[in-house]
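Counted from 1, the sequence shown has number 345 at position 339 by this note's numbering; the numbering is strictly sequential.
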Amino acid sequence: MRKPPDNDVAESDLTVTTPKEWAAGIPGVAVALKRGVEQMGVGRTVKTLRLLNQREGFDCPGCAWPEPQGHRHIAEFCENGAKAVAEEATKRRVGPEFFAEHPVAELAERTDYWLGAQGRLTHPMVLRDGATHYEPITWDGAFALIADQLRALSTPDEAVFYTSGRTSNEAAFLYQLFARSFGTNNLPDCSNMCHESSGAALNQTIGVGKGSVSLADFERAALILVVGQNPGTNHPRMLSALESAKRAGAKIVAVNPLPEAGLMRFKNPQKPSGVLGKGTELADEFLQIRLGGDQALFQAIGHLLLAWDALDHEFIEASTHGFAEYAASVRDLDWADVLHATGLPREQIEKVARMVADSPATITCWAMGLTQHKHSVPSIREITNVSLLRGMVGKPGAGLCPVRGHSNVQGDRTMGIWEKMPERFMAALETEFGITVPREHGHDTVAAIRAMRDGKARVFMAVGGNFAAATPDTAVTEAALRSCELTVQVSTKLNRSHVAHGRVALILPARGRTERDTQAGGDQFVTVEDSMSVVHRSRGRLEPASPELRSEVDIICGLAQAVFGTHPVPWGEFAADYNLVRDRISRVVPGCESYNAKVREPDGFVLPHPPRDSREFPGTATGKANFTANPLTVIRVPEGRLLLQTLRSHDQYNTTIYGLDDRYRGIKDARRVVLVNPDDLAALGLADGAMVDLVSEWSDGERRAPSFRVVAYSTARGCAAAYFPEANALVPLDSTAETSGTPTSKSIVVRLEPIVG
Numbered sequence: 007m008r009k010p011p012d013n014d015v016a017e018s019d020l021t022v023t024t025p026k027e028w029a030a031g032i033p034g035v036a037v038a039l040k041r042g043v044e045q046m047g048v049g050r051t052v053k054t055l056r057l058l059n060q061r062e063g064f065d066c067p068g069c070a071w072p073e074p075q076g077h078r079h080i081a082e083f084c085e086n087g088a089k090a091v092a093e094e095a096t097k098r099r100v101g102p103e104f105f106a107e108h109p110v111a112e113l114a115e116r117t118d119y120w121l122g123a124q125g126r127l128t129h130p131m132v133l134r135d136g137a138t139h140y141e142p143i144t145w146d147g148a149f150a151l152i153a154d155q156l157r158a159l160s161t162p163d164e165a166v167f168y169t170s171g172r173t174s175n176e177a178a179f180l181y182q183l184f185a186r187s188f189g190t191n192n193l194p195d196c197s198n199m200c201h202e203s204s205g206a207a208l209n210q211t212i213g214v215g216k217g218s219v220s221l222a223d224f225e226r227a228a229l230i231l232v233v234g235q236n237p238g239t240n241h242p243r244m245l246s247a248l249e250s251a252k253r254a255g256a257k258i259v260a261v262n263p264l265p266e267a268g269l270m271r272f273k274n275p276q277k278p279s280g281v282l283g284k285g286t287e288l289a290d291e292f293l294q295i296r297l298g299g300d301q302a303l304f305q306a307i308g309h310l311l312l313a314w315d316a317l318d319h320e321f322i323e324a325s326t327h328g329f330a331e332y333a334a335s336v337r338d339l340d341w342a343d344v345l346h347a348t349g350l351p352r353e354q355i356e357k358v359a360r361m362v363a364d365s366p367a368t369i370t371c372w373a374m375g376l377t378q379h380k381h382s383v384p385s386i387r388e389i390t391n392v393s394l395l396r397g398m399v400g401k402p403g404a405g406l407c408p409v410r411g412h413s414n415v416q417g418d419r420t421m422g423i424w425e426k427m428p429e430r431f432m433a434a435l436e437t438e439f440g441i442t443v444p445r446e447h448g449h450d451t452v453a454a455i456r457a458m459r460d461g462k463a464r465v466f467m468a469v470g471g472n473f474a475a476a477t478p479d480t481a482v483t484e485a486a487l488r489s490c491e492l493t494v495q496v497s498t499k500l501n502r503s504h505v506a507h508g509r510v511a512l513i514l515p516a517r518g519r520t521e522r523d524t525q526a527g528g529d530q531f532v533t534v535e536d537s538m539s540v541v542h543r544s545r546g547r548l549e550p551a552s553p554e555l556r557s558e559v560d561i562i563c564g565l566a567q568a569v570f571g572t573h574p575v576p577w578g579e580f581a582a583d584y585n586l587v588r589d590r591i592s593r594v595v596p597g598c599e600s601y602n603a604k605v606r607e608p609d610g611f612v613l614p615h616p617p618r619d620s621r622e623f624p625g626t627a628t629g630k631a632n633f634t635a636n637p638l639t640v641i642r643v644p645e646g647r648l649l650l651q652t653l654r655s656h657d658q659y660n661t662t663i664y665g666l667d668d669r670y671r672g673i674k675d676a677r678r679v680v681l682v683n684p685d686d687l688a689a690l691g692l693a694d695g696a697m698v699d700l701v702s703e704w705s706d707g708e709r710r711a712p713s714f715r716v717v718a719y720s721t722a723r724g725c726a727a728a729y730f731p732e733a734n735a736l737v738p739l740d741s742t743a744e745t746s747g748t749p750t751s752k753s754i755v756v757r758l759e760p761i762v763g
């Protein structure tokens with residue numbers, strides 16, 4: 007007989023209400039302000055939030071949703087943005103005395119929530135070979151230790167340099183320059199696990215792996231499709247843009263297996279009418295699609311547009327390639343497959359297709375619900391096909407909008423954080439710095455885990471993020487990290503990656519976005535790129551949590567000096583004055599000419615995007631926008647099994663867990679829950695509230711996540727949902743999206759195994 011594991015909060019405290027009941031409750035920003043005061047105090051809360059997302063302030067450390075050009079609201083932030091600031095600007099501290107009190111073995115038994123709640127890291131710490139506790143180390147000592155380990159490698163490719171999306175443009179540029187100067191392209195990042203599928207599909211079809219819309223386009227749109235995305239939790243400020251679009255006359259279609267509360271009704275906390283009134287009903291149509299059915303849906307829409315001749319013939323003729331092959335591939339659509347894959351009635355698909363046909367300006371948005379399936383890249387190519395049929399690229403109020411989930415994840419890629427940067431970028435680095443950089447492609451995230459697992463990578467360094475908690479196949483990933491000679495984590499707070507460590511481990515504490523960055527050249531600012539290609543400044547104003555903290559730029563430059571000594575790259579000068587870094591960026595990164603001048607404009611500047619700006623497609627192989635023919639993938643789940651997706655709770659951002667509630671879904675004080683349709687529970691003979699183990703089934707065997715409480719929930723039939731990182735253990739390392747290599751965290755075949763007793 008098995009019992010549930012001990013948790014910080016008893017799972018028996020779980021209560022469930024409906025999303026509608028919660029949506030009518032206390033405005034989320036009030037909750038966030040309360041959280042801020044608890045962690046920061048009144049004074050720091052006021053000081054930080056009034057600068058959050060303001061021109062002379064700092065960029066939100068949460069999502070990458072853009073700020074409006076021109077006027078900004080005095081409270082230009084959302085609930086989760088305020089929580090992110092509270093987490094960073096907290097008065098709680100994790101110093102040497104904390105590590106002296108807590109052995110690593112004890113910390114490894116703690117929950118992710120508990121680890122994150124302890125506060126800000128204050129000193130560089132080292133866990134030496136065979137030691138039970140982290141202990142303090144000087145910065146020079148830490149850099150020397152890393153340098154010795156790197157020099158001892160047989161080849162530079164035995165090192166892996168991971169990056170989180172929160173890293174600034176300046177730090178990202180220097181980090182990739184350091185890795186390539188060392189001799190490797192092993193530069194995995196968090197984008198490998200989220201929007202890599204978007205970039206792969208868009209690069210092939212329109213020649214730019216970024217969205218083709220601006221924030222202003224939302225107010226000009228006639229139709230907005232929100233597909234596989236939950237903006238109410240993951241990009242809350244997007245709801246304001248959708249509200250404005252709705253009031254300007256736009257129709258909104260939500261496509262999701264779960265009826266997410268934010269898309270059903272939105273109460274804008276920045277307006278008295280939002281707080282006091284009933285809010286705005288956003289979704290005109292809700293398609294409760296089965297997981298992985300999006301490709302079938304958009305093939306069906308394309309099929310109907312062709313049948314109705316609802317096409318932009320002039321655009322197709324002048325600006326696209328491959329139309330005939332695409333049209334042939336969808337004309338003989340198998341509607342039985344479409345209906346099985348989507349779980350939708352044909353009448354509803356036809357209704358939405360008619361909305362697409364009638365719309366003069368359509369934006370299609372998507373997020374992880376599309377990008378984390380084996381057939382994610384074909385699914386996004388089908389969205390592009392529909393947009394091309396209607397000429398919805400490069401016109402006001404229309405376009406393709408992958409909504410990035412992490413502040414500056416898009417900027418990191420622009421700055422060169424990618425294992426396979428194009429030749430023009432590599433050649434520009436060599437010309438600018440007088441160095442030789444490798445051309446052989448490096449490891450993405452999944453390949454890096456395999457390399458560590460197989461002994462082919464011996465040093466792992468992460469600037470930001472929480473690699474152990476963010477990645478798939480938790481047991482395999484943690485074992486891979488433990489097989490390294492050295493793991494290095496540049497972090498602001500304690501997390502799972504500090505206790506899933508190599509033979510020797512370092513924690514290097516970094517300054518955060520909210521904190522003042524003073525170097526030899528004076529006070530510095532950094533830059534970031536939002537989800538719509540706008541690059542702008544970010545400058546913190548709080549005193550750092552500890553005088554021992556260094557900026558990410560300073561850490562990277564200090565490490566480079568220790569590794570290289572005399573070197574063509576002036577690392578010391580870069581650490582003293584970030585303007586010098588931006589001068590070099592301006593000569594290496596396309597679109598960043600006159601970088602220092604342009605980022606000093608009040609709203610920064612927008613990077614060029616030929617499909618958006620001029621309906622030109624120089625980045626594709628054909629020089630035109632490419633239609634693609636994609637064989638339809640229909641996921642067929644064996645009898646007695648469900649298709650599981652991992653997702654965030656509302657009190658969470660990426661792997662950072664702010665609390666144990668999921669207000670919009672009505673879950674309180676619990677995280678080990680699995681949401682299942684009541685009809686599926688009846689078919690499986692399970693009761694609401696039953697305790698189960700989740701068991702995923704893959705060709706190499708089973709994976710088990712123990713002790714989850716079943717919650718009857720209105721998800722699509724045959725589908726289930728559970729939070730990550732708790733459910734990451736179920737995602738097989740080798741189950742990845744074709745072309746992009748993204749882990750398939752939204753399509754895991756599982757069975758629910760009852761716990762008896």
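Each residue gets a CB set at the ideal place from its N, CA and C atoms; glycine is no exception.
On the criterion of 16 or more Cβ atoms from any shown chain inside 10 Å, does K97 qualify as buried, or is it exposed? Along the sequence shown, one-based indexing puts residue 97 at 91. Exposed is the call here.
Exposure of G461, with buried meaning 16 or more beta-carbon neighbours within 10 Å: For the purposes of this step, residue 461 is taken as residue 455 along the sequence shown, with counting starting at 1. G461 is exposed by the Cβ-count criterion.
Span of the beta strand (DSSP E), counted from its first residue to its last, around S702: By 1-based counting over the sequence shown, the position of residue 702 is 696. It spans 697-704 - the beta strand (DSSP E) in which S702 sits, taken as one unbroken run.
Verify the CB distance criterion: does S746 have a CB-CB separation below 9 Å to chain C? Absent from the structure: chain C. Only one protein chain is present.
Quick one: grab the DSSP three-state call for W424. In the sequence shown, residue 424 corresponds to position 418, counting from 1. In this structure, W424 counts as coil in the three-state DSSP scheme.
Cβ of G518 within 9 Å of Cβ of E94? Within the sequence shown, numbered from 1, the residue matching residue 518 stands at position 512. Within the sequence shown, numbered from 1, the residue matching residue 94 stands at position 88. In contact: G518 and E94 (Cβ atoms closer than 9 Å).
Within a Cβ cutoff of 6 Å, which residues of the same chain sit near A206, ignoring the five residues on either side of it in sequence? Along the sequence shown, one-based indexing puts residue 206 at 200. The answer, listed in chain order, is V383, T745, S746.
Three-state secondary structure (DSSP) at L221? In the sequence shown, the residue the question calls residue 221 occupies position 215. DSSP places L221 in coil when its eight states are reduced to three.
Using the beta-carbon count (16 or more within 10 Å), is S279 buried or exposed? The residue labelled residue 279 in the question sits at position 273 within the sequence shown. Unreliable placement is indicated for S279, whose pLDDT of 40 sits below 50; no coordinate value is reported for it.
Cα-Cα separation between T173 and W424, rounded to whole angstroms: For the purposes of this step, residue 173 is taken as the residue at position 167 of the sequence shown. For the purposes of this step, residue 424 is taken as the residue at position 418 of the sequence shown. If you take the alpha carbons of T173 and W424, they lie about 14 Å apart.
Could you check how far apart the C-beta atoms of T634 and G328 are, in whole angstroms? I think they sit under 8 Å. Residue numbering aside, residue 634 sits at position 628 when the sequence shown is read from its first letter. Residue numbering aside, residue 328 sits at position 322 when the sequence shown is read from its first letter. Indeed they touch by this definition, with Cβ atoms about 7 Å apart.
Report buried or exposed for A454, applying the criterion of at least 16 other Cβ atoms within 10 angstroms of its Cβ. Within the sequence shown, residue 454 is the residue found at index 448, counting from 1. A454 is buried by the Cβ-count criterion.
Using a Cβ distance threshold of 8 Å, determine whether the stretch 615-630 contacts the stretch 568-577, with at least three qualifying pairs required. no
Rank I152, R61, I80 by C-alpha distance to the C-alpha of L492 and give the top, closest one. Taking the first residue of the sequence shown as 1, we reach residue 492 at position 486. For L492, the nearest C-alpha among the options comes from I152.
What residues in its chain sit with their C-beta under 7 Å from that of F321, if we drop five residues either side in the sequence? As a first step, residue 321 must be located in the sequence shown, where it is residue number 315. Only G397 meet the Cβ criterion.
With DSSP as the reference, identify every bridge partner of Q658, one or two as the case may be. Reading the sequence shown from its first residue, position 652 is the one you call residue 658. According to DSSP, Q658 bridges with I663.
Determine whether the beta carbon atoms of Y664 and K89 lie at a separation below 9 Å. As a position in the sequence shown, residue 664 is number 658, starting the count at 1. As a position in the sequence shown, residue 89 is number 83, starting the count at 1. Contact: yes.
Contact set for N59: own chain, Cβ-Cβ below 6 Å, skip 5 residues either direction: Stepping through the sequence shown from its first residue, residue 59 is reached at position 53. For N59, where only same-chain residues beyond five positions count, the Cβ hits under 6 Å are C66, E73, E82, F83.
Less than 8 Å between the CB atoms is what I'm expecting for L180 and F580, so what's the real figure, rounded? Within the sequence shown, numbered from 1, the residue matching residue 180 stands at position 174. Within the sequence shown, numbered from 1, the residue matching residue 580 stands at position 574. About 6 Å; that satisfies the 8 Å criterion.
Best match in L127, S385, L312, G629 for proximity to G101 [C-alpha to C-alpha]: The count along the sequence shown starts at 1 and reaches residue 101 at position 95. Comparing Cα-Cα distances from G101 to each of L127, S385, L312, G629, the minimum goes to L127.
I212 and A631: beta carbons closer than 9 Å? Taking the sequence shown and counting its residues from 1, one reaches residue 212 at position 206. Taking the sequence shown and counting its residues from 1, one reaches residue 631 at position 625. Yes.
If we count the other Cβ atoms within 10 Å of its Cβ and call it buried at 16 or more, is G528 buried or exposed? To locate residue 528, count along the sequence shown from 1; it is residue 522. The residue is exposed, with fewer than 16 neighbouring Cβ atoms inside 10 Å.
Please look up how many angstroms separate the CB atoms of D418 and T169, rounded, as I've assumed it's under 8 Å. Numbered from 1 along the sequence shown, position 412 holds the residue referred to as residue 418. Numbered from 1 along the sequence shown, position 163 holds the residue referred to as residue 169. Indeed, because the Cβ distance is near 6 Å, the residues count as touching under 8 Å.
One question on the structure: do S218 and P617 come within less than 9 Å of each other, judged by their Cβ atoms? Residue numbering aside, residue 218 sits at position 212 when the sequence shown is read from its first letter. Residue numbering aside, residue 617 sits at position 611 when the sequence shown is read from its first letter. Cβ distance < 9 Å, so S218 and P617 count as in contact.
Return the chain-ordered list of same chain residues with a C-beta closer than 7 Å to the C-beta of C196, the five sequence neighbours on each side being excluded. If you number the sequence shown from 1, residue 196 lands on position 190. Cβ neighbours of C196 beyond the five flanking positions: S170, G171, H412, V415, G471, A476.
Where does D619 fall in DSSP's three states? Locating residue 619 in the sequence shown gives position 613, counting from the first residue. DSSP places D619 in helix when its eight states are reduced to three.
Alpha carbon to alpha carbon, what distance is there between Q294 and T721? On the sequence shown, residue 721 is found 715 positions in, with the first residue counted as 1. On the sequence shown, residue 294 is found 288 positions in, with the first residue counted as 1. Their backbone Cα atoms lie some 8 Å apart in a straight line.
For E27, count the other beta carbons within 10 Å of its own beta carbon; 16 or more makes it buried, fewer makes it exposed. Which is it? Position 21 of the sequence shown, counted from the start, is the residue given in the question as residue 27. Any reading at E27 must be qualified, since the residue scores a pLDDT of 35, below 50, and its modelled position is unreliable; no value is offered.
Can you tell me which residues form a DSSP beta bridge with G668? Translated into the one-based positions of the sequence shown, residue 668 becomes position 662. Note on identity: in this sequence residue 668 is Asp, with Gly being the wrong assignment. Answer is I673, bridged to D668.
Within 9 Å, strictly: CB atoms of A373 and H241: Walking along the sequence shown from the start, residue 373 turns up at place 367. Walking along the sequence shown from the start, residue 241 turns up at place 235. For A373 and H241, yes; Cβs fall inside 9 Å.
Give me the Cα-Cα distance between A316 and A363, rounded to the nearest whole angstrom. To locate residue 316, count along the sequence shown from 1; it is residue 310. To locate residue 363, count along the sequence shown from 1; it is residue 357. Their Cα atoms are separated by approximately 6 Å.
Nearest to A313 by alpha carbon, out of L339, L297, L288, G298? Position 307 of the sequence shown, counted from the first residue, corresponds to residue 313. Nearest of L339, L297, L288, G298 to A313, Cα basis: L339.
Just to confirm the assignment: which complete beta strand (DSSP E) runs, minimum length 3, are found wholly within the stretch 34-71? none
Would DSSP call E94 helix, strand or coil? Translated into positions along the sequence shown, residue 94 becomes position 88. If DSSP states are grouped into helix, strand and coil, E94 belongs with the helices.
Please state whether DSSP places R488 in a helix, a strand or coil. In the sequence shown, counting from the first residue as 1, residue 488 sits at position 482. In the structure shown, R488 sits in a helix (DSSP, three-state: H, G or I).
Exposed or buried, S4, counting other C-beta atoms within 10 Å across all chains shown (16 or more means buried)? The question about residue 4 has no answer, for the chain in this structure spans 7 to 763.
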